[in-house]
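Visitor: Dropping a structure here in structure tokens format, bear with me for questions.
Chains as they are written, first to last, in our numbering: chain A, 139 to 265; chain B, 21 to 168.
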């Protein structure tokens with residue numbers, strides 16, 4: 139549970155950094171406080187949705203990845219409408235941002251898994 | 021821990037006696053290991069019945085509601101369900117590595133990351149089994165317990 143909470147906060151942090159970079163590019167001077175909590179809420183929903191999709195244990199990697207992508211981006215676009223994100227960002231920019239965030243999270247996840255595999259291989263050698 | 025071996029011609033089966041002051045984790049591990057050697061599972065191959073020792077089993081797989089036991093080079097079938105075998109063998113180094121497979125960690129040689137976000141465990145007989153990433157933590161915990 140602790141690891142899940144940390145992962146959600148990490149995703150939120152990455153989201154806010156990328157959002158800030160995009161905002162700077164468009165010469166924005168501030169981010170609203172409620173955006174922070176909106177990002178946290180949406181990231182939590184994405185994280186748990188992906189967790190449940192992973193539990194289904196698909197045989198085909200591309201199918202599972204496709205479903206996770208569609209779910210994540212779909213959720214972001216829906217909440218974009220609910221929270222009024224399209225007043226300051228276009229759908230294209232929001233989609234690209236989402237892909238960038240998901241890519242960074244996948245990269246971090248891969249690094250973490252490789253670390254665990256290394257540890258397990260060391261434990262096997264120490265047996 | 022001291023090990024004493026006595027060659028006795030007057031007994032039929034080997035017997036293990038463990039003397040301890042306190043029942044520590046190490047003592048429990050030795051007990052589990054000994055019980056594991058003795059734990060046998062009744063199975064069949066080519067119409068003949070066999071009794072396989074848990075320590076000789078590499079992994080157990082459930083396919084189409086049938087349970088198959090794999091040792092170093094042979095495959096057997098058992099009437100026991102995977103979940104029953106998992107309960108029976110969980111304290112002798114067996115861990116679930118996918119929805120349909122439990123593995124004897126003593127037969128692990130290495131773990132590899134595959135391109136399709138799955139993992140492959142390589143066994144000491146060279147065989148590879150695909151495992152889900154979500155069971156990695158359980159494999160790690162069983163190895164840590166056994167190495168303590």
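Even glycine gets a Cβ: it sits at the ideal position worked out from N, Cα and C.
#1: If the cut is a Cβ gap below 8 angstroms, which residues of chain B does residue 210/A touch?
#2: For the stretch 235-265 of chain A, list every residue whose C-beta sits within 7 angstroms of some C-beta in chain B, in sequence order.
#3: If you run the structure through DSSP and keep just helix, strand and coil, what is residue 96/B?
#4: Excluding sequence positions up to five away, which residues of its chain have a Cβ less than 6 angstroms from the Cβ of residue 90/B?
#5: Consult DSSP for residue 191/A and reduce its assignment to one of helix, strand or coil.
#6: Just tell me which of 259/A, 260/A, 254/A has its CA closest to the CA of residue 153/B.
#7: For residue 213/A, which option in 166/A, 194/A, 151/A, 186/A has the closest C-alpha, if you only look at C-alpha atoms?
#8: Thinking C-alpha only, which one of 61/B, 122/B, 113/B is nearest residue 166/B?
#9: With 16 as the cutoff for other CB atoms within 10 Å, does residue 125/B come out buried or exposed?
#10: One question on the structure: do residue 96/B and residue 65/B come within less than 8 angstroms of each other, judged by their Cβ atoms?
#11: Measuring straight from C-alpha to C-alpha, what distance separates residue 184/A and residue 24/B?
#12: With a threshold of 8 angstroms on Cβ separation, who are the neighbours of residue 69/B within its own chain once the five nearest residues in sequence on each side are excluded?
#13: Can you confirm whether the stretch 224-244 of chain A touches the stretch 126-133 of chain B when touching is taken to mean that 3 or more C-beta pairs between the two stretches lie within less than 8 angstroms?
#14: Jot down the residue ranges of each uninterrupted alpha helix (DSSP H) in the stretch 158-223 of chain A, minimum 4 residues, whole runs only, in chain order.
#15: State buried or exposed for residue 35/B, treating a residue as buried only when at least 16 other CB atoms are found within 10 Å of its CB.
#16: Exposed or buried, which one is residue 99/B when buried takes at least 16 other CB atoms within 10 Å?
Guide: The structure says:
#1: None at all; the shortest Cβ gap to chain B is about 16 angstroms.
#2: 251, 252, 254, 255, 257, 258, 259, 261, 262, 264, 265
#3: Residue 96/B: strand per DSSP, three-state reduction.
#4: Residues 78, 79 of the same chain have their beta carbon placed closer than 6 angstroms to that of residue 90/B, with the five preceding and five following residues left out of the count.
#5: helix
#6: 254/A
#7: 186/A
#8: Distance from the Cα of residue 166/B is smallest, within the candidate group 61/B, 122/B, 113/B, for 113/B.
#9: buried
#10: yes
#11: 58 angstroms
#12: 62, 63
#13: no
#14: For the stretch 158-223 of chain A, whole alpha helix (DSSP H) runs of length 4 or above, ordered along the chain, are 171-193, 199-221.
#15: exposed
#16: exposed
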